[in-house]
Amino acid sequence: MNKKLKVTVVGGGSTWTPGILNAFVRHQERFPISELVLFDNNWERQEVIGKYAEILFKENCPDVKVTYTMDKDVAYKDADFIMVQIRTGGYELREKDEKIPLKYGVVGQETCGPGGFSYGIRSLRDMIEIVEDTRERNSEAWILNYTNPAAIVAYGLTKKFPNDKKILNICDQPINLINSFSKLMNIDPNSIEPRYFGLNHFGWFTHLYDNDGKDVLKELKDLIKSNGFLPADAAERDQSWLDTYALVRDMVLDFDEFVPSTYLQYYFYPEYKASKLNPNYTRANEVMDGREKMIFEECSKAAQQNSTEGIHVVKNEAHGDMIISIAEAIYLNENKYFIVMVENNGIIENLPDDAQVEVTCLLGNRGPIPFNYGKIDTFYKGLLENQYAYEKLTCEAYFEGSYTKALQALTLNRTVNDAKKARKILDDLIEANGSFWPKLK
Ligand code: NAD
Ligand code: G6P
Ligand code: MN
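Below, the structure is given as structure tokens:
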């Protein structure tokens, strides 16, 4: 490919869009776009972020045509990359996803446990519609999805569109973690070649090779044990993230073999985590009072003064950089290392073929080429089989409209584990989600 690109961001009114826009500007030489479209189904949100996009691009890359719209033809026709980051039901329902389980002493989290289950069923409907709307108009575009819960979305989309090889599901947490590891070890994150296996928000780093081919994982584990663990940009992270990173030390002390994703703590210490979360003020409240408020205030200010001077929309540029780097790796056929989701098909020998595993891949213009992992040991297999079954049953509950499968999924989830609790939570979630969910019978 050596043409100029049209890129569309679906969920153009997302709190993450301004950071992605900044990254487009930083990457404009290597990833030369000629047209940017922001698409959202909420005009109020879209307009504010869209105006920021117009101003930012006028200042930094005036040749790029910037459009913000609710028109699907404008968004999907002729696009080369479609980046999707939507939140069906908004923060209002995220808050309910997190608060309902906490009523029953169960972890309330966006992507893990009943919160992720509830959000997953909502995301599937809209994500399927977005892929259909795209493919009706465009058979070639890469669909790069970040919408959570990415594990459920990846599994459901692959079941629904088994022959579509240009949908890629991605999470930024592996890169965030590599940045944090690098800071702790005082090395360049770009020099690290990681090996990783698991499901999304449910995996482990097994090796971290440095430029000399030396595996520095043991050194990292020792540093985490002695010094603790912080996000790369600790000064700018909210308290709940600092707490989450700190518990990585406990996980490494308990299970010393690999370095886990931060999210595994919800499954290893479900009671402890639930007891530490505030049932009246969850992460959704923290985000609404923090990131969302800040982004919309700053973007509105940019529009009023018709300039981005003095405007700060991003605390952590890693997210935007990763998103553009993924598209860039495909566009430039870079075959760079990324940890992404792919259908298992033997990558992890002793897990089901249709699991959506998250593993190290080389990414170029034919999509991700995964490294085979081989067999995993009993502890990991037990955990992953359980989580896989939960993810599969969640998707089947959605596709079949099955109450029984929904109850089975929630009962299997390690954060719940009790069928009577699962039933109470499920009944509350059905009420809270209303028409965002299919009718479960
Ligand atoms: P947000 O609510 O600020 O943004 C989402 C936007 O999507 C909103 O403007 C909303 O109006 C829009 N939207 C909702 N449904 C839509 C639809 N059907 N079509 C078009 N637009 C629609 O939420 P956010 O916190 O910015 O997060 C956005 C998404 O990105 C979430 O799913 C979040 O979990 C995900 N995320 C993923 C990663 C990752 O690493 N995979 C990282 C950050 C955020
Ligand atoms: C991490 C995860 C994402 C998640 C994001 C923001 O980067 O990998 O999946 O969406 O954090 O979470 P927040 O709670 O800040 O909205
Ligand atoms: Mn993620």
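Start counting the sequence shown at 775; every next residue gets the next number (my numbering). Ideal Cβ positions, reconstructed from N, Cα and C, are used throughout, including at glycine.
Close Cβ partners of residue i (< 8 Å) along its chain, the five nearest in sequence each way excluded
i	result
Ile829	Ala1076, Ala1077, Asn1080, Ser1081 and Thr1082
Lys846	Phe813, Asp907 and Arg911
Glu1066	Thr789 and Tyr865
Met1025	Pro1034, Leu1038, Gln1039 and Phe1042
Leu1186	Asn1160, Ala1163, Tyr1164 and Leu1167
Lys995	Val1026, Asp1030 and Val1033
Asn1191	Pro1044 and Thr1185
Glu833	Ser1081 and Thr1082
Beta-carbon spacing of residue i, residue j below 8 Å
i	j	result
Cys1253	Tyr929	This structure does not reach residue 1253, given that the chain is present from 775 up to 1215, and the question cannot be answered.
Leu973	Tyr1162	yes
Thr908	Ile895	no
Leu1004	Ser954	yes
Val881	Pro1044	yes
Ala1206	Ile874	yes
Ile1121	Tyr1147	yes
Ala827	Val840	yes
Pro1126	Tyr1172	no
Val811	Thr782	yes
Gly1175	Leu1203	no
Glu1108	Gly1138	yes
Cys1073	Pro792	yes
Ile807	Val858	no
Leu1181	Leu1200	yes
Lys1149	Glu1132	no
Ala1058	Leu876	no
Pro923	Gly890	yes
Leu1016	Arg804	no
Ala1006	Lys957	yes
Ala925	His975	yes
Asp852	Lys939	no
Ala915	Ile952	no
Arg1023	Lys1050	no
Same chain, Cβ closer than 6 Å to residue i, five either side skipped, listed in chain order
i	result
Met1096	Asp946 and Ile949
Thr862	Arg896, Ser897 and Asp900
Arg819	Gly787
Lys778	Pro806 and Ser808
Val1116	Pro1142 and Pro1144
Ala1129	Asn1118 and Tyr1162
Lys825	Ala1077
Glu869	Ala1058
Phe831	Val838 and Val840
Contacts around residue i, its chain only, beta-carbon distance under 7 Å, and the 5 residues preceding and following it disregarded
i	result
Glu1060	Asp1012 and Ser1014
Ile860	Val784, Gly785, Asp900 and Thr921
Gly987	none
Trp817	Met844
His1093	Trp790, Gly793 and Asp946
Lys992	none
Asp984	Ile961, Ser965, Ile966 and Val990
Ala1020	Gly1002 and Phe1003
Tyr878	Lys1195, Lys1198 and Ile1199
Lys1179	Leu1167, Glu1170 and Ala1171
Supposed close pair residue i, residue j - CB separation, criterion 8 Å
i	j	result
Ile1113	Tyr970	5 Å
Glu884	Glu903	The Cβ separation is near 21 Å, so there is no contact.
Pro968	Thr1134	6 Å
Leu1271	Ile941	The shown model of the chain, from 775 to 1215, leaves out residue 1271, and the question about it has no answer.
Thr1036	Thr1018	5 Å
His801	Ile1098	5 Å
Measuring CB atoms only, is the stretch 1087–1097 touching the stretch 792–802, in the sense that at least three cross pairs come out at less than 8 Å?
yes
Can you pull every residue whose C-beta falls closer than 7 Å to some heavy atom of ligand 3, listed in chain order?
Thr885, Asn922, Ala924, Cys945, Asp946, Gln947, Asn974 and His975
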